[in-house]
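Remarks on the structure that follows.
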Amino acid sequence: MIPKEIKQSAEPEGGKGKIEVFWEAAVKSTDQMSPLLVKKMRTHWVVMLICIIGTAYIGSVAYQLDQLYFQCSEKNNCIACAVALGESKGSKCSKLAATDLNFAAGCASYSMPNLMKRIKPVLDGINKTAEEFHNKSYISNQLYHSLKSHHEITAAVQSNKQGQMIDPNPKVVAQFLKRHYIGLSDVVLDLSEVDPNNLTAAQASAVVAVGLKILYSYVATGCNIYSSYLDVLETDDDGFSGFGRNTTFEIHETAVNMTSFFVCGCDLACPRYTEKEGLTFDETIGALDVSLDVEIRNGLGSVHLWLPDGYIVDMSTFDNVSLDARDGRTSAEMVYIEEEEIQHCATNVFTSTPAQLNGALYECCTEKNNLEKLSQISAFSGFIMTCTILGTTVLFWFCGGSRDELTGAAYGAANDAIA
Numbered sequence: 112m113i114p115k116e117i118k119q120s121a122e123p124e125g126g127k128g129k130i131e132v133f134w135e136a137a138v139k140s141t142d143q144m145s146p147l148l149v150k151k152m153r154t155h156w157v158v159m160l161i162c163i164i165g166t167a168y169i170g171s172v173a174y175q176l177d178q179l180y181f182q183c184s185e186k187n188n189c190i191a192c193a194v195a196l197g198e199s200k201g202s203k204c205s206k207l208a209a210t211d212l213n214f215a216a217g218c219a220s221y222s223m224p225n226l227m228k229r230i231k232p233v234l235d236g237i238n239k240t241a242e243e244f245h246n247k248s249y250i251s252n253q254l255y256h257s258l259k260s261h262h263e264i265t266a267a268v269q270s271n272k273q274g275q276m277i278d279p280n281p282k283v284v285a286q287f288l289k290r291h292y293i294g295l296s297d298v299v300l301d302l303s304e305v306d307p308n309n310l311t312a313a314q315a316s317a318v319v320a321v322g323l324k325i326l327y328s329y330v331a332t333g334c335n336i337y338s339s340y341l342d343v344l345e346t347d348d349d350g351f352s353g354f355g356r357n358t359t360f361e362i363h364e365t366a367v368n369m370t371s372f373f374v375c376g377c378d379l380a381c382p383r384y385t386e387k388e389g390l391t392f393d394e395t396i397g398a399l400d401v402s403l404d405v406e407i408r409n410g411l412g413s414v415h416l417w418l419p420d421g422y423i424v425d426m427s428t429f430d431n432v433s434l435d436a437r438d439g440r441t442s443a444e445m446v447y448i449e450e451e452e453i454q455h456c457a458t459n460v461f462t463s464t465p466a467q468l469n470g471a472l473y474e475c476c477t478e479k480n481n482l483e484k485l486s487q488i489s490a491f492s493g494f495i496m497t498c499t500i501l502g503t504t505v506l507f508w509f510c511g512g513s514r515d516e517l518t519g520a521a522y523g524a525a526n527d528a529i530a
C-alpha cells in the first residue's frame, strides 16, 4: 500500500516516480524479513517498522566498523595474542621480561613486581629524596651531585606493552658512560672511541649489562639512604645518630670524602613519589646482607655502611682522578669499612645483577585480516537483525495496537474470501 500523498507527489506522467519505487522496495524487503503482514499494515506502522529495522542494521554495522578498524585491540577480540618461543611471521612480537625484580647492591636487596607503574614512582622518589636531603643539609653537595648524575641512568629505562621494565636502551646507557665514570664501567668495556649511535651487537649487549648494574646500584643506594633516614632515631654505642656523618678516609694515599649510613633490617623501604601523593614510602620487600658481623636488633641485622661522596665522576675531570684512587672513590654502591679498607658485601652489584631482563619468551599479537573483519561484521549485524525482527514482531503484535489496526486490511480480505 503506497500512501496517497507519496504517490501523487512522486509519480510523473507515464510511469512510477523514484520515491514510489523506493517505497515499494522498502516495503517489500521489510515484508520478506518480518513475520508481520507488512504490505497490509497501515502506513504509519510500516514507516515505524522500517525505521527500527534500518536503524538496527546501520547501527550494528557502524559499531563493528568502529571496533574492528578504529579501536582494534585485544579487548574486543580484534587482536589475538599468544606466548611463543620466537617471533612469528606476520605478528607483532615483544619480549617478555622477568615478572619480579630484586635490586640487590650495597649490602641490601629490595624486591618488587616488574611493573613500571610500581618502579617509576620509586625512581622518582629516590631523586626527590636526594633533593630534599640536600636542601636540609643532610648530605654534602658532592654526594648530591653524584646522586643527580646517577639519576640520569633512568632515562635509559624502557618498558614493553605489558608495562614491564625491559633491558635499558643501549644508546642512552653508552651516552651516560661517556659522560660519567662509575667504578664498574671500565671493567666491562671502553667507550672512549665508540659512537653510541653505532654499537655492534656485542657492544650493545655489554652496554646493557653495565646499564643494569648502574640502574640496580641506583635503586639500592637510594633505598639504603631512605632506610637509614627511617632509622635516624636509633643510636649506637658511640652516640652516632646513624645518618649522614661525613668522614675523610685515606684510600691508596688519596683523601676520599665518605658519608656513613646506618641501615637496619627492621626499617628497609624505598621512597616513592607521585604528584598526587608526594613523597611517601613504597611497600618494598627488603633484606639486609647478614653475612657481615652485624648488630642484631629486633631480630634483624643492622650494618654501618659508607658511600663515597664522589662515587660518580664526570669524565671531564676524569684525568684528575688517579688510577689507584678511582676504584675506591667510585665504588658504585655502598660499602663497609674494615681495617680502613673498603669491602663489598656478598650482596653486591657485581654478582647480584642479571646481565639482561629480557627473557626467552615472546608475546606475539596478530590482527584479524579484512576478510575476517567483514565476516564478523556480517555475523554480528545478522544477529542484531534477528533480535530486532523478533522484538518488533512481539512489540507490534501485542503492544502496538489492535490486530485489526496493524493488519486490518488483511483480515478483511480473508473474511471476504471465506464468505
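Residue 530, in the numbering used here, is where the sequence shown stops; the numbers in between run on with no holes.
Every residue, glycine too, gets a C-beta built ideally from N, C-alpha and C.
- By alpha-carbon distance to I488, the top candidate from L212, C189, D378 is C189.
- Of all C-beta pairs linking the region 212-228 to the region 443-451, three or more are shorter than 8 Å, placing the two stretches in contact.
- Shortest Cα-Cα distance from A380 to any of V414, F181, S338, G421 involves S338.
- In the three-state reduction of the DSSP assignment, C189 falls in the coil class, being assigned neither a helical nor a strand state.
- For C381, the enclosing beta strand (DSSP E) covers residues 381-385.
- In the DSSP assignment, N225 is bridged to no other residue.
- Here Y255 is near A241, since their CB atoms are less than 8 Å apart.
- In the three-state reduction of the DSSP assignment, F461 falls in the coil class, being assigned neither a helical nor a strand state.
- K289: member of the alpha helix (DSSP H) spanning 281-290, first to last residue.
- Here I500 is not near S184, since their CB atoms are 8 Å or more apart.
- Burial state of V284 is buried, judged by a 10 Å Cβ sphere holding 16 or more other Cβ atoms.
- Straight across, the Cα-Cα distance linking C334 with A490 is about 56 Å.
- Under the three-state reduction of DSSP, Y168 is assigned to helix.
- Straight across, the Cα-Cα distance linking A173 with I495 is about 12 Å.
- T504 and G170 have their alpha carbons spaced roughly 20 Å apart.
- Residue state for L482 is assigned as helix, using DSSP reduced to three classes.
- In this structure, the beta-carbon distance from Q467 to V319 falls below 8 Å.
- The DSSP-derived three-state label of Y337 is helix.
- By the neighbour-count definition (other C-beta atoms within 10 Å, threshold 16), V157 is a buried residue.
- The distance from the Cβ of N225 to that of D211 is about 6 Å, consistent with a contact at the 8 Å cut-off.
- Rounded to the nearest whole angstrom, the C-alpha separation of S257 and Q182 is 46 Å.
- Using a 10 angstroms sphere on the CB of T385, the tally of other CB atoms stays under 16, which defines it as exposed.
- L390 and R383 have their C-alpha atoms roughly 6 Å apart.
- Taking the Cα of D306 as reference, the smallest distance to any Cα among L288, I293, I396, L323 is reached at L288.
- Beta-bridge analysis with DSSP links Y447 to Q454.
- Per DSSP, reduced to three states, the secondary structure at A331 is helical.
- Along the length of the region 189-213, whole beta strand (DSSP E) runs at least 3 residues long occupy 190-195, 203-208, reported in chain order.
- The Cβ-Cβ distance between A208 and N280 does not fall below 8 Å.
- With respect to the C-alpha of S486, the residue from Q175, V321, L472 having the closest C-alpha is Q175.
- Taking 4 residues as the shortest admissible run, the region 241-277 contains the following complete alpha helix (DSSP H) segments, listed from N- to C-terminal end: 252-262.
- G412 is a Cβ neighbour of G376, given a cutoff of 8 Å.
- For A466, there is no enclosing beta strand (DSSP E), as DSSP marks it with neither H nor E.
- For D425, the enclosing beta strand (DSSP E) covers residues 423-425.
- For the pair M227 and G165, the CB atoms are not nearer than the 8 Å cut-off.
- Between the alpha carbons of R153 and S140 lies a gap of roughly 16 Å.
- Just measuring C-alpha positions, the residue of N459, N246, E131, S427 sitting nearest Y292 is S427.
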